[in-house]
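Colleague: Under UniProt numbering, the sequence shown has 25 at position 25, and the numbering climbs by one with no breaks. Backbone N, C-alpha and C define an ideal beta-carbon position, used for all residues, glycine too. Quick one: the structure is below, questions incoming.
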Amino acid sequence: MVNGVKGQDWKLRGCYLLNLRVGQTAVLKQIVKRCSSLGKKQGYDEEGLPWDVPKGHFVVYVGENRSRYIVPISFLTRPEFQSLLHQAAEEFGFDHDGGLTIPCEQDVFESLTSNLRSF
1 MVNGVKGQDW
11 KLRGCYLLNL
21 RVGQTAVLKQ
31 IVKRCSSLGK
41 KQGYDEEGLP
51 WDVPKGHFVV
61 YVGENRSRYI
71 VPISFLTRPE
81 FQSLLHQAAE
91 EFGFDHDGGL
101 TIPCEQDVFE
111 SLTSNLRSF
């Protein structure tokens with residue numbers, strides 16, 4: 001129990017407060033550290049980051065087939081994308097391997113990101 005809040009509720013509230021206090025870059029690093037099993041594998045640079053992901057972007061996995069998408073960090077400030085991140089935190093938490101997984105259908109995700117890119 002932390003500040004009168006128990007277990008998973010504290011993690012979600014802690015994540016929300018973290019987003020309020022920390023800049024976009026630090027939040028992305030936190031997500032990558034917690035949600036990825038990045039190591040020195042083929043396809044990764046010396047820092048353990050995927051070589052095909054441009055600077056200022058990150059990877060998410062979407063849908064039942066866990067299709068891989070590369071999205072700009074700027075999406076982290078958008079309420080629509082933050083809603084997806086909150087859903088991911090509720091469904092999967094932060095203590096799992098395999099990357100950041102967004103719990104929605106691929107067509108919904110593609111439509112949302114298409115709209116976000118047009119602004």
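#1: To the nearest angstrom, report how far apart Asp95 and Phe58 are at their CA atoms.
#2: Work out the CA separation of Leu76 and Ser118 for me, nearest whole Å.
#3: With distance defined between alpha-carbon atoms, name the residue in Arg68, Trp51, Phe109, Pro54 nearest to Gln82.
#4: With H, G and I counted as helix, E and B as strand and the rest as coil, what does DSSP make of Val62?
#5: Threshold first: 3 residues or longer. Then list the beta strand (DSSP E) segments lying entirely within the stretch 59–114, N to C.
#6: Are the CB atoms of Pro72 and Gly98 within a distance shorter than 8 Å?
#7: Are Glu91 and Pro103 closer than 8 Å when you measure CB to CB?
#8: Measure the alpha-carbon distance for Val62 versus Gln87 and round it to whole angstroms.
#9: Which word fits Leu20, buried or exposed, when buried means at least 16 other C-beta atoms lie within 10 angstroms of its C-beta?
Modeller: Checking against the coordinates, here is how it stands:
#1: 18 Å
#2: 15 Å
#3: Phe109
#4: strand
#5: For the stretch 59–114, whole beta strand (DSSP E) runs of length 3 or above, ordered along the chain, are 67–72.
#6: no
#7: If you check the CB distance, Glu91 and Pro103 come in under 8 Å.
#8: 12 Å
#9: Note that Leu20 scores a pLDDT of 46, beneath 50, so its modelled location is shaky; the value from the coordinates is reported in the next line. Leu20 is exposed by the Cβ-count criterion.
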